[in-house]
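In order, the protein sequence lines correspond to chains W and V.
Convert by adding 29 to the 1-based position in the first sequence; the result is the number in this note's numbering.
Convert by adding 1 to the 1-based position in the second sequence; the result is the number in this note's numbering.
Where is the CB? At the ideal position from N, CA and C, for every residue including glycine.
Have a look at the structure below, then the notes.
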Amino acid sequence: MIHSQPQALPLGDSAITIKFGSERSPELLRRIHGIARSLVDARVPNVDDVVAAYLALTVFYDPLEVSYQQMAARLLAFCEQAADLTAPRVRSRNHVIPVRYNGIDLDSVAKATGLEPEEVVARHVSRSYSVDLLGFVPGWAYLSELDPSLQIPRRPQPRPRVAAGSVAIASAQTGIYPLDTPGGWHILGTTDTVMFDPARDQPSLFTAGDTVRFEAIE
Amino acid sequence: MITIDKAPPYLTVQDAGRKKSRSAGVPPGGAMDSFALCVANALVGNAPDMAVLEWALGGGSIRFERDCVFALAGANALAALSGSDVAPCTTTYARAGEILSVQKIVDGRFLYVACNGGFDVPLLLGSRSTYLPGRFGGARGQTLKTGDSLVLGAAVSAAPAAGFHCAPDLMPRYDGGILHVTRGTHYEMFDDASRRTFAESSYRISTASDRTGYKLEGPAIANSLGTLPSEAGCPGTIQVPADGAPICLMADAPTVGGYPKIAVVSEADLPILAQRRPGDSIRFELITIEQSQRALKRRASDLNAVIHSANRAPRD
Numbered sequence: 030m031i032h033s034q035p036q037a038l039p040l041g042d043s044a045i046t047i048k049f050g051s052e053r054s055p056e057l058l059r060r061i062h063g064i065a066r067s068l069v070d071a072r073v074p075n076v077d078d079v080v081a082a083y084l085a086l087t088v089f090y091d092p093l094e095v096s097y098q099q100m101a102a103r104l105l106a107f108c109e110q111a112a113d114l115t116a117p118r119v120r121s122r123n124h125v126i127p128v129r130y131n132g133i134d135l136d137s138v139a140k141a142t143g144l145e146p147e148e149v150v151a152r153h154v155s156r157s158y159s160v161d162l163l164g165f166v167p168g169w170a171y172l173s174e175l176d177p178s179l180q181i182p183r184r185p186q187p188r189p190r191v192a193a194g195s196v197a198i199a200s201a202q203t204g205i206y207p208l209d210t211p212g213g214w215h216i217l218g219t220t221d222t223v224m225f226d227p228a229r230d231q232p233s234l235f236t237a238g239d240t241v242r243f244e245a246i247e
Numbered sequence: 002m003i004t005i006d007k008a009p010p011y012l013t014v015q016d017a018g019r020k021k022s023r024s025a026g027v028p029p030g031g032a033m034d035s036f037a038l039c040v041a042n043a044l045v046g047n048a049p050d051m052a053v054l055e056w057a058l059g060g061g062s063i064r065f066e067r068d069c070v071f072a073l074a075g076a077n078a079l080a081a082l083s084g085s086d087v088a089p090c091t092t093t094y095a096r097a098g099e100i101l102s103v104q105k106i107v108d109g110r111f112l113y114v115a116c117n118g119g120f121d122v123p124l125l126l127g128s129r130s131t132y133l134p135g136r137f138g139g140a141r142g143q144t145l146k147t148g149d150s151l152v153l154g155a156a157v158s159a160a161p162a163a164g165f166h167c168a169p170d171l172m173p174r175y176d177g178g179i180l181h182v183t184r185g186t187h188y189e190m191f192d193d194a195s196r197r198t199f200a201e202s203s204y205r206i207s208t209a210s211d212r213t214g215y216k217l218e219g220p221a222i223a224n225s226l227g228t229l230p231s232e233a234g235c236p237g238t239i240q241v242p243a244d245g246a247p248i249c250l251m252a253d254a255p256t257v258g259g260y261p262k263i264a265v266v267s268e269a270d271l272p273i274l275a276q277r278r279p280g281d282s283i284r285f286e287l288i289t290i291e292q293s294q295r296a297l298k299r300r301a302s303d304l305n306a307v308i309h310s311a312n313r314a315p316r317d
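Written as structure tokens, this is what we have:
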């Protein structure tokens with residue numbers, strides 16, 4: 030049910046999670062991204078931060094300024110209004126990320142998928158991906174959806190350190206490590222694009238709802 | 002300036018954290034015991050959210066390179082300034098060259114050292130807090146090591162006279178073994194038996210606990226939900242992985258996750274949980290969101306009373 034009635038629930042004293050459905054779908058995710066962006070654009074009072082996710086969005090607020098009941102009513106009213114818009118005006122951006130496809134897992138991915146390494150690269154660059162969700166570490170974006178022939182489970186043992194800029198795949202998703210972190214995804218290549226910089230006003234290059242393409246470079 | 006004379010195993014710069022960057026995947030971070038942060042700052046004449054030192058896991062010492070007003074709050078520690086005991090939650094004056102040494106932390110987990118003027122480290126995303134997993138914030142995103150120096154900020158206002166201390170009855174009771182919680186966003190999806198286990202059992206803080214989360218040991222909470230599509234969590238969220246051993250997310254926890262969320266610790270009680278050590282036992286008591294937000298308001302008004310009494314205290 031894509032247009033089921035949104036339900037508000039407290040997430041502790043300073044956040045409200047609004048659930049929009051129980052089944053993941055690209056349509057539901059787009060609707061949630063649209064509402065999340067319009068909440069930010071409309072400067073709804075007391076909205077400090079909005080985290081959009083697959084089935085729900087979560088709004089953070091200051092409970093010393095406004096109560097849960099007041100804030101929940103305000104947000105549900107906003108969602109109802111937003112549902113009336115046939116096409117929410119979403120100012121999503123399109124990114125092109127240059128990648129050197131020289132990753133340490135390229136050969137093992139080729140073996141696991143039964144494809145030549147060049148074909149793995151060709152299929153990785155063939156699609157436009159949507160930024161589903163940000164999280165896990167600052168600036169990490171879950172991008173979907175990967176070509177079905179490239180979908181393999183994550184590595185059984187995560188590596189203790191994966192370098193920032195590593196472009197990787199696991200299951201139906203792809204992503205770019207924004208920081209040096211532990212990680213269990215298969216690394217296809219590297220990019221010099223800075224995904225996350227805490228000194229920038231907008232620290233993360235991607236925002237939920239953006240689209241991303243990869244481009245192979247030497 | 003201050004210099005780390007002998008670094009404790011854990012020492013970082015923290016303030017009230019980053020409240021508005023979760024959409025970019027940045028955890029709020031900040032002081033694990035937000036109440037102690039505010040009290041320590043009030044005692045030295047700082048704004049409540051200024052940067053302080055967060056100290057844990059053992060003793061160490063710091064040297065004041067100039068005259069400085071400081072105060073300790075949070076965990077109880079055996080501390081001395083040039084050989085004289087330093088009382089907790091008390092405005093204390095150090096002379097240039099004096100050494101504050103902490104022999105050990107006696108109870109609680111995180112000790113806070115506030116200095117008049119705070120610490121002059123770069124402001125990133127509205128905060129000076131150290132975020133260790135991302136290696137940014139505070140002093141180069143790392144724990145402070147022996148020999149490191151930190152520049153003190155310019156004093157924003159005069160500190161109370163030496164010996165000022167806040168009324169003990171305004172401080173949270175860190176020894177309370179019961180933590181209030183509200184229902185988590187997946188509470189309704191757990192079955193009756195799981196909810197009863199959670200509400201009626203006693204849990205021990207595991208040694209696997211740090212600024213990202215406290216793992217809890219005790220009766221397993223049956224989780225037939227597996228992993229759900231990721232959504233936002235917050236510090237205090239108690240999530241239940243497949244093995245049934247709950248984890249309470251803390252300040253540096255990732256902003257989103259897929260484990261079902263059974264409950265969320267009331268913000269008023271989060272400092273109490275933060276100060277529990279591995280091995281300590283806790284229980285949970287469910288309250289409504291209205292009760293929880295009222296408790297938070299009482300906590301805020303206690304804190305305001307501390308700030309007002311510090312503001313009205315005589316100056317030297």
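Restricting to Cα atoms, I'd like to know which of D221/W, D70/W, D136/W and D42/W is closest to L93/W.
Of the candidates D221/W, D70/W, D136/W and D42/W, the one whose C-alpha sits nearest the C-alpha of L93/W is D42/W.
Please report the distance separating the alpha-carbon of R299/V from that of A306/V.
A straight line joining the alpha-carbon of R299/V with that of A306/V spans about 10 Å.
Tell me whether the beta-carbon of R205/V lies closer than 8 Å to the beta-carbon of D281/V.
In this structure, D281/V lies closer than 8 Å to R205/V by Cβ.
So is K48/W buried or exposed if we call it buried at 16+ other beta carbons inside 10 Å?
Burial is judged here by how many other beta carbons sit within 10 angstroms of a residue's own beta carbon; K48/W has at least 16 and is buried.
Which runs of the beta strand (DSSP E), 3 residues or longer, sit entirely within the segment 245-315 of chain V?
Taking only runs of at least 3 residues, the beta strand (DSSP E) segments lying wholly in the segment 245-315 of chain V are 248-250, 262-266 and 282-287.
Distance, N224/V Cα to P9/V Cα:
Between P9/V and N224/V, the C-alpha separation is close to 39 Å.
Is it right to say K262/V is buried, meaning 16 or more other beta carbons lie within 10 angstroms of its own, or is it exposed?
Under the 10 Å beta carbon count, K262/V is surrounded by 16 or more other beta carbons and is classified as buried.
Quick check for students: name the residue ranges of the alpha helix (DSSP H) that lie wholly in the segment 19-107 of chain V, counting only runs of 4 or more.
For the alpha helix (DSSP H) assignment, the uninterrupted runs of no fewer than 4 residues enclosed by the segment 19-107 of chain V are, from N- to C-terminal side, 35-44.
In chain order, each beta strand (DSSP E) run of at least 3 residues that lies wholly inside the segment 119-180 of chain W
Taking only runs of at least 3 residues, the beta strand (DSSP E) segments lying wholly in the segment 119-180 of chain W are 123-129, 158-163 and 170-173.
Looking only at its chain, what residues have a beta carbon closer than 6 Å to the beta carbon of I31/W, apart from the 5 residues adjacent to it on each side?
In this predicted model, I31/W has a pLDDT of only 47, less than 50, meaning its place in the structure is not dependable; the value taken from the coordinates is given anyway. E56 and L57, listed in sequence order.
Classify Q186/W: buried if its beta carbon has 16 or more other beta carbons within 10 angstroms, exposed otherwise.
So Q186/W counts as exposed.
Return helix, strand or coil for T115/W, following the three-state DSSP convention.
Per-residue confidence for T115/W stands at a pLDDT of 45, beneath the threshold of 50, marking its modelled position as unreliable; the derived number appears in the next sentence. The three-state reading of DSSP puts T115/W in coil, since its state is none of H, G, I, E or B.
C326/W versus R60/W: straight-line alpha-carbon distance, rounded:
The structure shown has nothing for residue 326/W, since chain W only spans 30 to 247.
Enumerate in chain order the residues of its own chain whose CB-to-CB distance from V40/V is below 6 Å, with the five nearest sequence positions on each side excluded.
Hits under 6 Å: A74 and V307.
Environment of T183/V [buried if 16+ CB atoms lie within 10 Å]:
Counting Cβ neighbours within 10 Å, T183/V comes out buried, since at least 16 surround it.
As a quick exercise: from A82/W, A71/W and L68/W, pick the residue whose alpha carbon is nearest that of E52/W.
For the residues A82/W, A71/W and L68/W, the minimum Cα distance to E52/W belongs to A82/W.
Nearest neighbour of L104/W, chosen from V241/W, P207/W, V191/W and A44/W [CA to CA]
Measuring C-alpha to C-alpha distances from L104/W to each of V241/W, P207/W, V191/W and A44/W identifies A44/W as the nearest.
Does any residue of chain W bring its CB to less than 8 Å from the CB of R23/V?
Contacts with chain W at 8 Å (Cβ-Cβ) include R23/V.
Pairs of beta-carbons, one from the segment 64-78 of chain W and one from the segment 206-225 of chain V, closer than 8 Å: are there three or more?
Three or more Cβ pairs closer than 8 Å define a contact, and the segment 64-78 of chain W falls short of that threshold against the segment 206-225 of chain V.
For V79/W, collect the residues of the same chain with a Cβ closer than 8 Å to its Cβ; drop the 5 residues on either side in sequence, then sort them by chain order.
Contacts found: A65, L68, V69, L86, T87, V88 and F89.
Closer than 9 Å, Cβ to any Cβ of chain W: which residues of the segment 291-316 of chain V, in chain order?
Taking 9 Å as the Cβ-Cβ cut-off against chain W, the residues of the segment 291-316 of chain V that qualify are E291, S293, Q294, A296, L297, K298 and A301.
Quick one: any contact between the segment 78-88 of chain V and the segment 145-157 of chain V, if contact means 3 or more CB pairs under 8 Å?
With a cut-off of 8 Å on Cβ pairs, the segment 78-88 of chain V is not in contact with the segment 145-157 of chain V, counting fewer than three such pairs.
For P55/W, which three-state DSSP category applies?
If DSSP states are grouped into helix, strand and coil, P55/W belongs with the helices.
May I ask you to list, following chain order, the residues of the segment 158-169 of chain W that have a beta carbon less than 7 Å from some beta carbon of chain V?
Only those residues of the segment 158-169 of chain W whose C-beta falls short of 7 Å from the nearest C-beta of chain V are listed: L162, L163, G164, F165, V166, P167, G168 and W169.
Quick check on A233/V - is its C-beta less than 8 Å from some C-beta in chain W?
It does; some Cβ of chain W falls within 8 Å.
Status (buried if at least 16 other CB within 10 Å, exposed otherwise) for T115/W
Bear in mind that the predicted position of T115/W carries a pLDDT of just 45, short of 50, making it too unreliable to give a figure here.
G238/W touches chain V at which residues, Cβ-Cβ below 7 Å?
Result: empty, since nearest Cβ-Cβ is about 11 Å, beyond 7 Å.
Grab me the residues of R156/W's own chain with a C-beta within less than 7 Å of its C-beta, minus the 5 sequence neighbours each way, in chain order.
Excluding sequence neighbours, R156/W sits near D176.
Taking C-beta pairs closer than 8 Å, name the residues in chain W that P255/V reaches, listed in chain order.
Here the neighbours are G164, F165 and V166.
Please report the distance separating the alpha-carbon of Q34/W from that of A101/W.
Their Cα atoms are separated by approximately 14 Å.
Count Cβ pairs between the segment 265-285 of chain V and the segment 41-57 of chain V that sit closer than 8 Å; are there 3 or more?
Because the criterion of three Cβ pairs below 8 Å is not met, the segment 265-285 of chain V and the segment 41-57 of chain V do not touch.
Determine the direct distance from the alpha carbon of L84/W to that of G50/W, and round the result to whole angstroms.
Approximately 6 Å, taken between the alpha carbons.
9 Å Cβ cut-off: residues of chain W touching E268/V
Listed along the chain, the chain W residues whose CB falls inside 9 Å of the CB of E268/V are G41, D42, S43 and P92.
Pull up the distance between the alpha-carbon of Y29/W and that of D50/V, whole angstroms please.
With chain W covering only 30 through 247, there is no way to say anything about residue 29/W.
Since A162/V and R316/V should fall inside the 8 Å C-beta cutoff, what is the C-beta to C-beta distance between them, to a whole number of angstroms?
A162/V to R316/V, Cβ: 6 Å. Contact.
Closer than 8 Å by C-beta to V191/W: which residues in its own chain qualify, once you throw out the five before and the five after it? Chain order, please.
Annotation for V191/W: A197, Y206, D209, T210, P211, G212, W214 and I216 place their beta carbon closer than 8 Å to its own, counting only its chain and skipping 5 residues before and after.
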